[in-house]
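A short write-up of the structure that comes next.
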Ligand SMILES: C[S@@+](CC[C@H](N)C(=O)[O-])C[C@H]1O[C@@H](n2cnc3c(N)ncnc32)[C@H](O)[C@@H]1O
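Residue numbers (the numbering used here): 1176 to 1380.
Right under this line is the structure:
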């Protein structure tokens, strides 16, 4: 079994975080706390240890929740947390963004993407969680790709919940979403001394 580096409780779940998997932070809680009660077929991209996917699945036993992550350790970690919390309506698969679900559509899609510009990467030895943090020259690689493909994966009336940060340029994300035909709401913003994070809700009228 993989070694667990930390454990925490969230909404009645006991969650372990394996070495090499993103340990939930404020951005993770922001996404999970606003999405745990959504009903339907739910997709989470970049699920990490599964905090949002599993919170939703445990609260809504009739939902079907699919969590994807490019990191195979994250997939194992989320499966472990599902099994230890006796959650049977969530499944986890390794995938680069939407690549394993080419023909499926969902009622809600959640994503807390990597969003730091490469220039924030410290010099020296790479960390096993780098893939959870950095997203190209301007921090927008994952966000832009997600937005350009989102419409192909949402059911009519479906909604997306996307975490963004001042590092990714939130107005630019809103502008791109609108140019792709999405309406948007800022569900909640939180300010820290080094950045502001926001949860965006995107939908088509
Ligand atoms: C900021 S972490 C969020 C993890 C978790 N959802 C949370 O909120 O704690 C970003 C996650 O996206 C995953 N990821 C990075 N690139 C990806 C890609 N191309 N496709 C799918 N997942 C990816 C990382 O492995 C990481 O688990």
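Yeah, the Cβ is synthetic: ideal placement off N, Cα and C, and Gly gets one too.
- Judged by their CB atoms, residue 1215 and residue 1313 are not nearer to each other than the 8 angstroms cut-off.
- In the same chain as residue 1343, and ignoring 5 residues on each side of it, the C-beta atoms closer than 7 angstroms to its own belong to 1290, 1314, 1315 and 1318, in chain order.
- Taking the Cα positions, residue 1251 is about 13 angstroms away from residue 1197.
- Beta-bridge analysis with DSSP links residue 1269 to 1244.
- Residue 1226 has its Cβ nearer than 7 angstroms to a heavy atom of ligand 1.
- Set against 7 angstroms, the gap from the CB of residue 1222 to the closest heavy atom of ligand 1 is smaller.
- Nearest in C-alpha terms to residue 1221, of all of 1306, 1201, 1359 and 1178, is 1306.
- A residue is called buried once 16 or more other Cβ atoms fall within 10 Å of its Cβ, and residue 1211 is buried on that count.
- Rounded to whole angstroms, the gap between the alpha carbons of residue 1336 and residue 1194 is 27 angstroms.
- Contact between residue 1340 and residue 1371 holds, with the beta-carbon distance rounding to 7 angstroms and staying under 8 angstroms.
- CA-CA distance, residue 1184 to residue 1357, rounds to 35 angstroms.
- Here residue 1275 is exposed: its Cβ has fewer than 16 other Cβ atoms, across all protein chains shown, within 10 Å.
- In the displayed model, residue 1290 falls within coil according to three-state DSSP, outside both helix and strand.
- Within the DSSP secondary-structure output, residue 1304 pairs in no beta bridge.
- The straight-line gap separating the alpha-carbon atoms of residue 1229 and residue 1261 is approximately 10 angstroms.
- In the DSSP annotation of this structure, the continuous segment of the alpha helix (DSSP H) that includes residue 1231 starts and ends at 1226–1234.
- Straight across, the Cα-Cα distance linking residue 1299 with residue 1235 is about 44 angstroms.
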